[in-house]
Structure formats: C-alpha cells, structure tokens
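Protein chains in written order, with the numbering used here: chain A, 3 to 679; chain B, 3 to 679. Quick reminder that beta carbons are idealized off the backbone N, C-alpha and C, glycines included. Nothing here was measured: the structure is a model prediction, and the numbers come from that model.
Protein chains: 2
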Amino acid sequence: MAHRTASDLRTRIPDGGRRRVLVEDPSPNVDGGRYPAKHVLGDRVDAECDLVADGHDAIAGRVLYRRAGADMWQSAPLAPLGNDRFRGSFVVDALGVWELVFEGWIDAFTTWHRGTAKKRAAGQSIGVELLVGAKLLSEGAARARTRDPAVVERLAEAARIVADTRRDPNERFEASIAPDVVAAMREAPDLEHATRSERPLSIVVDPELARFSAWYELFPRSAGDGIRHGTFADVERRLDYVAAMGFDILYLPPIHPIGRAFRKGPNNTLVAGPRDPGSPWAIGGEAGGHHSVHPELGTEADLRSLVRSARQKGLEIALDIAFQASPDHPYLKQHPEWFVRRPDGSIQHAENPPKKYEDVVPFDFECEAWRSLWAELLSVVLHWCDVGVRVFRVDNPHTKALRFWEWCIGEVKARHPETIFLAEAFTRPKPMYALAKAGFTQSYTYFTWRETKQDLTRYLAELVRPEVRAFYRPCFWPNTPDILPEHLQHGGRPMFLARMVLAATLSSNWGIYGPAFELMEHVPRAGTEEYVDNEKYQLRAWRWDDPSSLRDAIAVVNRARRENLALQRTERITFHDASDDAILVYSKRTEDFGNVVLVAVNLDPKNRRGAFVDLDLRELGLEAGQSFQVHDLLGQTRHIWNAGTRPWLELDPTLVPASLFVVRRRVRSEHDFEYFL
Amino acid sequence: MAHRTASDLRTRIPDGGRRRVLVEDPSPNVDGGRYPAKHVLGDRVDAECDLVADGHDAIAGRVLYRRAGADMWQSAPLAPLGNDRFRGSFVVDALGVWELVFEGWIDAFTTWHRGTAKKRAAGQSIGVELLVGAKLLSEGAARARTRDPAVVERLAEAARIVADTRRDPNERFEASIAPDVVAAMREAPDLEHATRSERPLSIVVDPELARFSAWYELFPRSAGDGIRHGTFADVERRLDYVAAMGFDILYLPPIHPIGRAFRKGPNNTLVAGPRDPGSPWAIGGEAGGHHSVHPELGTEADLRSLVRSARQKGLEIALDIAFQASPDHPYLKQHPEWFVRRPDGSIQHAENPPKKYEDVVPFDFECEAWRSLWAELLSVVLHWCDVGVRVFRVDNPHTKALRFWEWCIGEVKARHPETIFLAEAFTRPKPMYALAKAGFTQSYTYFTWRETKQDLTRYLAELVRPEVRAFYRPCFWPNTPDILPEHLQHGGRPMFLARMVLAATLSSNWGIYGPAFELMEHVPRAGTEEYVDNEKYQLRAWRWDDPSSLRDAIAVVNRARRENLALQRTERITFHDASDDAILVYSKRTEDFGNVVLVAVNLDPKNRRGAFVDLDLRELGLEAGQSFQVHDLLGQTRHIWNAGTRPWLELDPTLVPASLFVVRRRVRSEHDFEYFL
C-alpha cells in the first residue's frame, strides 16, 4: 500500500515474539499467585502448568523454585501428563515462603530427533537431517561450556560423528541418540526463546503440626480444684492428663489481666460479684494488658516453665490472641487514638445492634493511627513468641482487618516460620477463606453444625476441592466454650463418641474443649447453644477422674491417628454408599495405598442401625474377588471381607457407635505363608 | 521488649492498610485478565466479583468501565447476589476493546443506618447515633460539592435536621432515611479507602455477526460452468443462489497466484498436467504473492465489485489467510531470511515426517528477521481490508506463532474493529483455545467428528462452560474441502439433513462447503476422509439446479435461525432425556424465555426411531400440567402437548430426520380468547 509500508507496521511489535511457548494455568495457584499455597516440611510439591505452542514441535520445560529472597533458583524438569499439561516435582526442605516460576521452550533437538527417526523408518534419505543434527549438537556443546568438560567433549564428539559424511548414515544417527548424549542435550537446553510464567507462585511451608494436630482447650482457672483460682502450675500438673489422651496442643484461653468495668457475672449476667473472675476475653486492667499475665494465674516465668514442661511431654502450649480491650485496658488511656470516640466523648464499645458488649472495646482499624496500632499488635504476638509460644488461636479474626492479618502473620513467620495460627472465625464462607489466604495456618469450620450424612458428605467435598485445600486447613471441633451444639445436649454418650470419631477422622486437625467434652457436659443455659455455668464467667470443679469419662476412647482414637498415615491428611477421602441414612461410611488412604482406613459411624444416638455398604474398591486399593481383613481399632475385632460383595455393617450406640477399620490386604510370604498386611 | 520497639515494627507496614475490602474472583475473566472476554455490540455485560471484608459493616462497590485508551471511566453500581458476590451491569455500545476494574468499600452510612434502625426498634436511645449520622451526612454533602448544588443542599439540610437536638429523635431519624437523601448519599460515596481490583479485565466487542453467522464456502474456480476457469464475475452471478439459502458469509479459498513448482494434479497426485490449476493454498507465483489476485479469477477491481454486490445482498465476502508460500512465491527471492535454509542450501519445505508437502514452504517464525516478517504478514491482511473485506478464515493458524496472531489480529482490529477472524485449527484442545484467546473471533471445532448422542452432549457441555464460552465461539462445519467424514459417505440424504440441522441449531455459528454439501457429494478418494475429484486440485462442473439439492431445506433452517433468537447463541442449551439412543433432543431459549426452541434429531440414517422424552420443563419455561403447542418449522406441523407427560417422538429418516419445534405457551387475550404465543 502506498500509504503504509511494512516498516511503519513494525513500530508496535512487542519484544519476545520468538517465544513460541505459552505458560498457562499454573498450579498450585491461589488467586493467580496473590496468596501462597500451603505445604508442610518435607512435602513433595507437584507443580503443574500447561505449555502450549504452535505446530508440532517437541516442548520442554522446567519449574524453577527457591526460598523467597534467595539469589539462586533450583529447577526440576517438567514431564508431560497429556493434553499439554506438564508436571515437575520437588521437595520443600525448609520452613517459610517459597516461590516458583515455570519455563517452557521449543526443544529443537527432540523435534529433530523424532522427525529424523520417522524419515529413517520410512526409508527416506536423512543426509541433510544429519547435518542439521550435528549443528544442534555443536550448539549444545557450546551451551554446556560452563559445565562438566566431559559432557562438553561428549557432545562435541557426537557432533563430529554425526557430521562425518564418510560414515554410514545409520551409525551417525545412532551416535546422536546415545542415551548419554540425549541426557546431556537435555541438561543444556536452548533457553534463548524460553517463556517464563508471568507471576511467580508462592508456597508457604509449615511444620507437620500445621497439617496434623489434636487440640485440647483448657481453662487454667479451673485447673486446680475449681475452688481456689487455678494457676499455670496447676496446668503443669494436668499435662500428663492431656498428653495421655494423645493431644498435641494444649490451648489456653487469654491469660491476661481481666477488666473490672462491666465485668460479667456467672452465666453471662450483667453484674459480677466481687469474687467473680470475669471473662478472660475482657482483656486489660490495672495489672496490664496484652503483654501481661493475669496475676492469679502466676507469672511469665511460670508460663515459660509450663511451655517447657509441655514440650517435654510432646505438647505445644497455644495462647489465645484476642485483639480487643476491656474498658480498663491501659491502651484506652495511653492510646485513645486507636478507638472510636463518639460525639458525646465516650469510647465506642463492641456491639451487634441491638446487642451491646459493654465489657469489650474494639480497636478501630480505620483510625488515623493505624500504623502504630498494627505495630503494637504485632509486638504482642512477638512478645509471646519470645516467651516460647509457637501456636496461637486467634479470637474472632474476622472482625479485624484482613490486610492486618496478612501483614502481622507474615511478620511473625518471617522471624518464626514454625508458628501456627488457628483462625476462630465462624462467619460467611468467603471471609473464612480470606483469612486462610491471608496467612492463618488452620481454621475453625462449620463441622460443629454439620449433622446428617448429606451435610457431612457435602461439606467434606467442599473442603477437599483442590482450589480450597490449597490454602484452607480445616480444624474440626465438636464443642467449644461458646458452642454446645444441640445434638450434644440430647444425644448422650453415643453422640459424644460419634462426634469425636467424626472430628478426629474426617479432618486431620481436630480439637475439643475439655474436660467439658470428655465428661460429657451437656446442659445448656436455657434456650441457648451455650454451656450453663460456663467457665468463661466462673471457676468449675471438674471430676477429672470420673470413670465414665471418654478419655480412654479419645486416647484410642488419637493413637489410631498417629499410627495411620491415612488419617494425617484431610484429603484423599472417599464416601461409600451405605443403604441406611444414619450409617456414614468413608475411607482415607495414603497416596500409595500403603495405609487404608475405613470408618463407619452410626449418626443415630438412640437406635441400633445397619446398612449394606457399596465399597468403592479402587479407593481401597482392592480388586473385585480379593478377600481382605478389616481390623477395627475401636473394638479390636477383625473380619474377613470379600471385595465385590456388599458387607453388612451394624452399629449399636449403646456399645460403640463407630468402627475405625484398618484395611489389610492378604499377602503371601516367600514361604507361602498367607497373612494380612 | 527491650530490644524491639513498636516503632521498629512499623518499618515494613505496607500502604493502604485501611482498605478493608478485598476484591476477589472478578469476572468476565480469561486467565486473570491476560486475554479479553468476548462480547458483541449491544450486549449487557454482567460484571461480577466477590467483595470480602472483616466484620459486619455494609459493603458497597462499583464496576468502572471504558473503551481501552479512553480518559474517563464510566461506572455502574454493584448489587449483592448473596454469598459476598456482587454484580454490576452495563451495555457495550461501541466495537473494540473495553477494560473494566472493580472497586469496593465500606459503606459507613448504610452501616450506621442499619444499626440505628435496630436500636430504635429495640427501644434504645439513639441520641448519640443521630449525632454520628449528622456527621456522616455533612461529610456526604462535602463530597457531593462538585455535583448538583441542589443535592449538596439536600444533604446539608438533612444533616442539620438530624443534628438538631431540639427535635424529636424519630423525626430526626426519618430525615436521614428519606429516599432522596439515601440516594444522594449513595451517589457521593467515601472512596478514600476503596479497594480497586489488581489488574483490569478486558472485553473485546465484536459485531453481531461474530456470534451469529452462517458460512458458505465456494471455490470460485468452479463458479462458472466448471469447464473454463471460474472468475469473481461468475461468483457475483452465484450470489443470489447463496443468499437464497440464507447464508451471511460467502467464503472463498485463497485467491492469489498459484505456484507451478511441485504443483499437485487431480486427486492430490504428485504430477500436474499443464492445464491443472493446482491447489489455491500453494500461494505465490510469477503473477505475485499474498497481495495479488490470481489472474484467472479476474482483477482486484473485480473483487471489489464482488464485495460490494455481496454486501447489497446481505452477504460478507470472506477471504482465506494462508500464511505459507509456494516455492515460486516472490518472497523466496526477496526475503530468503524468512525461511529455514538447510545445510545443503535448500529451503525447508513443509513436512510432517515422513509426509512431505513440497508445494508449500512455511515461514520461519523463529528467524532473526521475525519483525519484518510479522510486519509483512500484517500488511497482507490490511491490504485486503483496504479492498473492503472484513471477514477472514485463517488456514492452519496453529502452525504459526501464537504471539504473532495476538499482535496481528490486535493491529487489524485497532484499525477495523468490525473484522472477524475464523481459526481453521484442527489440533489439540489447548492450542485451539489459545488461538481463541489470542484474538480469533470464531473457531472450527471437533463437531465434524462428534456423532453419537453422548459425543454431542459432552462436547456441547464443554463448549458452553462459562470459562470456555467467555472467549471461544465455536463454528460447526459438517464438511470442509478437506473433510468428508465417514458418516456423510454412507449416511445418505438423512445424514446430510441431520448433520445440517445439528450444526445449525447446536451452534449459533455454522458453515458448509458447497455445493458439495447441498448436492450431497459423498464419494471419498479411496481409503480417505477426503473428497474424490476435490476442487482443491481441479475444476468441478456442479449441477447447481439439481432438484434433489438440499438448498430448500437449508433455507428453511437458516430462516428459522433468523426468526428465533434462541438459536442465535450457542449457550443456554439443555439436553432432554430421550429413551432411545438415536434420538437427540435439546432446547435453546432466550434469557427471558421469550423464545424457546426444541430440536429433535434422529441420528440413525437407516431406521425410523422413536423415544419418550423427559422434558426439563423449567428450561422450557413451562409449569407441570400446562398444555403448550410445539410448532415444527421443518414439517410445518403443530401439536398440543401437556407439560408433565412424556411426549413420544418418532422420526422417519426417509422423510425428515429432525424436528425443529418452536415452543408456544397458551395465553389468554383480554377478550378471553385463547391462543399460543
């Protein structure tokens, strides 16, 4: 065209036009890399992406990974999975944040190789092809310069043979496809036109405890005899009690001085007597605030001692982070700028109109002084880290700014990457997920209110979706000091046992509020889902050694969790059809089927129920016709079942309302002795 | 801590910590905004995102949108859909690229409003609340300053009344919730801490023809009598023939000079006689290359005339863009740098080892001179745009660099946003999708080989997934000059009719290669899925007026498409269970159920088949028990059916193997006269 020359058209050509490979749909991916995916130390990370290019050339790629901030990348090759999807795997061997990017490129040597082999097989001349191949090998040798000189020499030698027109073409081609030559070429890819994924993805690597843990919540105030105020020393004396049940984490409600103003009396009454201890969540008084210890519990030194003793018994002490103040908190005088002041001069207390919570004053995350507020709150967490605490349960995190948590947890974990934060948020699904993305290690869930087979099945399906499990680690609690669900009020011992087995085997993280749970406390404050005579507002004298306690049953289940790897992850769960609505059957397995567990729970606490079960044999690692053993770790009974038939399962709530089977396959020893493994 | 002060901790606090709302999961979203979603002129765009925040405050938001490059944003408010999802809608009223971002913020006025109303309802004092509200109204008035002074005054007046402690609290509260005050506050939001979505999303707006089109492919060489070489003038004389069948686009294979070297003879033989015309895809010879017209077809002026005449008859002329060269193409001498030169000095021809295509030389998109190559290829498309062509079918785009297409199509559409590109790529799914993302307006599909009920149902489900339909517009072709599928070879007239109805009603874009299709050409070159005596290599004398031609049936179906909006989109399709495997039943509807079409096709060309059909009443806009009329546009028969019963459908392939029903609901006129609409 007269009015338009080709060189006019060049002005808007972007760089990188020869990068023919596109890197798409990378994974693990939380919001396109905005947030990290979660892993634990020692995990194999399977990093996947699509590598898409024009034409029919061979495509190669690699995943580059490093600890965030490291100078050097490590790499793992990407292997094709079919349908243009590729995977590379690597092991994360250090705590903290990692990042990864993908690279893809056209693999000219493999392309050449394939085409030439086909031509040779079709009897066509490959003389010119061999010259092309020799050039590719020479270029490979040049790229390999910085590496092992032996490799360079091997490629150069192959190039000479392939280029040598005096030799037989077949001999020359064979020289190009010698395994060591092919491997050396793979190690020296031509990356000039390689494409990198647009945005690095990130992974946070936590300790194993982040994924597999059993929590026990205890009010130190009642850890003594329940008449005088309990102390950290009393808790220390209870450690064996907790450890014997097989828990990993002992979580204490807030340990800070409790405010006097508007202190709540027993059963959440508005007026407290002079000896009523008040709610531990009304933090701050004369004796200090979030950096201080409630004098009646002891001293910071006592807490250090407790943390140390607990760790010796395999228990981590978890503290409660409740970022709110009682009206007596020193912050109100020292930092009035962190609170909402109303037009009448008063400070805005917590409320959910028309309800008022006058014993609690919230921080104003929109205040002008937000930066000093953030810094102060971070200093609180770091203070308890300095005392030795590494696990925190965070109270109502969904009422504090999401961006604050992302920053605060990031700062804590930059210093102490082994730290674990459990989000106690019972709110809408998306804010709960947003907290997990922002950095919470584990999260409370709706399990407490999921009762029917359909409820539980659907909820687990939601939680183990790849998009969700990438960042959200559920922690199942049958009860909390705030929640005595209706089924525990009326279901009796069978319901306590069923909910315990469900929580501990559906989810790899679970917890109970005790001793209320194992002692089967079930009386609510009238008309509520809350405990009567709640420890939140008073001391309780617990019958620690009650013979009807569930402590032994809990110990059996926690031991089964420790001994069966399949129970140490929430994913890889399968629900099996059972012919009765009250019988819930599910299995879990390790990736390699080395450990398979089958759980059956009778959800009806009043009636003996039975069901035929349609086992999904593939998920159990079984083949039709095979006989196998199920070994019930709760009842210590063993049965031989035949894969392909529908076993009949009957569960009597007056005995044990659940079975926790290990599935053992029949194996034959070299001496022809048959046994179940 | 002695060693750490709160101010030390402030150093790494990011900006924007008071932006409490997160904007997540925005849509329409193709790869996180990397590629545009596709719309057509006049579409209402439903833009959605999650707005997630801490706490219980009211959240508000808006979507900002503009033509790419425009200075000013327009905005539409976001309304809640539940589960923290929000939607804002706007109409795209200009062709080209649009961009959109989301904004979310805490709505302090609504939050105040809700809380105060609850307190008032509970009989609590709201005196202090009213002072808070008065302040919010004053601030709103200040923000509204740049707007209508009447609005400012209205807000200021409301603020005065609400602040006036001499008045009755109820009167004051009422003043704050007057509808015009609430509306004015909504129009003057406090955006100081509003959050914007991270990356703008983009939308490309095409003409309606991009979404709803019927293509007819014709070889001009046979447009005359098939003995002398056809010309553009001959094609012009065939326009009425094509238009009468109801097509929108008349697509011509490449119109450029054809190479002599290695020219293929009839039936793809290796040696061409002196009078054999050769393949139009072997582009370039003495008479020129991609900018030139094959002399035997006429001149560029003839083409201009054809484009003009076609447009007068409602037809767009589509040209074929085949970016490859015959060995005689002028480019090989003028720009040898654009081709791969082999070690023996020869130019690399096209091959798919061991197959060789010696009449075609591919461009080397990895060459050093790639920028001048890109510019030249763009100049080709722009040249034919200058001639008046606006629709292009692109040959084998998947063998040219994806980044090239993204740039090339972007450059063409920046100048001519009404241009349509159809990607003729039959390859793996991901490269096909990648081409659509890169900018192709429509795409060839696997429809040609989807035969069974299960095949077709699954394939449609894949194509209408929201993630796919956002960028991929399928165009269904029962045949092409390259593909005579086996079912057309053996299925006779019933199969031609069935495949025509399927293509034209499953997909809103469809096309045929004619007159081979309507004349039911079905003889393959032995052992292939290709036509014998293919026009690609020779002229054909067609029996244009054959009385057994399917032209009338095609005209009926294309008319039904034009008259029924439901058929003008591929999405909103529902498959209905039919009791016979050969009977495929599906319906399409408009968003408002104003037009509902039900299609039934007998996939068995040899046997009369019947089935009971389980109609999905909701998708037909019907209620159980309602009687309704189905009006078959193919047979012109009408039946009254009763919703909730299973109608029996029987289709005889010796008559018409399909029904194309319009579903008409019974309505009653104001004079109590009943009819079907």
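- Taken through DSSP and simplified to helix, strand or coil, N566 (chain A) comes out as coil.
- Three or more beta-carbon pairs separated by less than 8 angstroms are not found between the stretch 418 to 427 of chain A and the stretch 346 to 353 of chain A, which leaves the two stretches without contact.
- Excluding residues up to 5 positions away in sequence, H578 lie with their Cβ nearer than 6 angstroms to the Cβ of L617 (chain B) in the same chain.
- Scanning chain A for C-beta atoms nearer than 8 angstroms to the C-beta of E413 (chain B) yields L11 and R14, reported in chain order.
- Collapsing the DSSP output to three states places G529 (chain B) in coil.
- Within the stretch 365 to 383 of chain A, contact with chain B at the beta-carbon level (separation under 8 angstroms) is assigned to F367, E368, W372, R373, S374, W376, A377, E378, L380 and S381.
- At a beta-carbon threshold of 7 angstroms, the residues of chain B lying near E26 (chain A) are D33, ordered along the chain.
- The beta carbons of Y461 (chain B) and R475 (chain B) sit about 15 angstroms from each other, so the pair does not count as a contact at 8 angstroms.
- Of the candidates A:A158, A:D109 and A:S127, A:D109 places its Cα closest to the Cα of D192 (chain A).
- Here H641 (chain A) is exposed. Its C-beta has fewer than 16 other C-beta atoms within 10 Å.
- A buried status is given to V598 (chain B), since no fewer than 16 other beta-carbon atoms sit within 10 Å of its beta-carbon.
- Within the stretch 81 to 129 of chain A, the complete alpha helix (DSSP H) segments of 4 residues or longer fall at 110 to 123, listed in chain order.
- As DSSP reads the structure, S629 (chain B) sits in a beta bridge with B:N644.
- Counting other Cβ atoms within 10 Å of its Cβ, L375 (chain A) reaches 16 or more and is therefore classed as buried.
- When the five nearest sequence neighbours on each side are left out, the beta carbons in the same chain lying within less than 7 angstroms of the beta carbon of G300 (chain B) are those of T233, F234 and A235, in order along the chain.
- Per DSSP, C51 (chain A) is one residue of the beta strand (DSSP E) stretching across R46 to V54.
- In summary, D95 (chain A) is exposed, with fewer than 16 beta-carbon neighbours lying within 10 Å of its beta-carbon over all protein chains present.
- Following the DSSP letters along the chain, one finds H293 (chain B) in no alpha helix (DSSP H), marked with neither H nor E.
- In the DSSP assignment, the residues bridged to A78 (chain A) are A:V65.
- For the set B:W544, B:S661 and B:L66, the Cα lying nearest the Cα of E652 (chain B) is the one of B:S661.
- Distance from L305 (chain B) to I257 (chain B) at the Cβ level is roughly 7 angstroms; contact confirmed, criterion being Cβ atoms closer than 8 angstroms.
- The beta carbon of F394 (chain B) is closer than 8 angstroms to those of A320, L321, D322, I323, V383, W386, T421, I422, F423 and L424 in its chain, skipping five residues each way along the sequence.
- As DSSP reads the structure, I575 (chain A) sits in a beta bridge with A:K590.
- If you compare the alpha carbons of A:A72, A:L138, A:L622 and A:V244 with that of G98 (chain A), the shortest gap goes to A:A72.
- In this chain, the beta strand (DSSP E) harbouring K357 (chain A) covers K357 to Y359.
- The alpha carbon of R542 (chain B) has as its nearest neighbour, out of B:R46, B:D227 and B:W75, the alpha carbon of B:D227.
- Interface annotation, T401 (chain A): in contact with chain B, CB-CB separation under 8 angstroms.
- Listed by position along chain B, the residues whose Cβ is nearer than 9 angstroms to that of D583 (chain A) form an empty set, because the closest Cβ is around 27 angstroms away.
- No Cβ-Cβ contact shorter than 8 angstroms links A216 (chain A) with W643 (chain A).
- Counting along the chain, no beta strand (DSSP E) covers K608 (chain B), and no H or E run does either.
- Leaving aside the five residues that flank L465 (chain A) on each side, the residues in its chain whose CB is nearer than 6 angstroms to its CB run, in chain order, P476.
- Chain A has a Cβ within less than 8 angstroms of the Cβ of A436 (chain B).
- Following the DSSP letters along the chain, one finds I163 (chain B) inside the alpha helix (DSSP H) bounded by residues P151 to A165.
- Using a Cβ-Cβ cut-off of 9 angstroms, W409 (chain A) is close to R14, I15, P16 and G19 of chain B, given in chain order.
- At a cut-off of 8 angstroms, the C-beta of N270 (chain A) has no neighbouring C-beta in chain B.
- Counting only the Cα atoms, E676 (chain A) lies some 4 angstroms from R670 (chain A).
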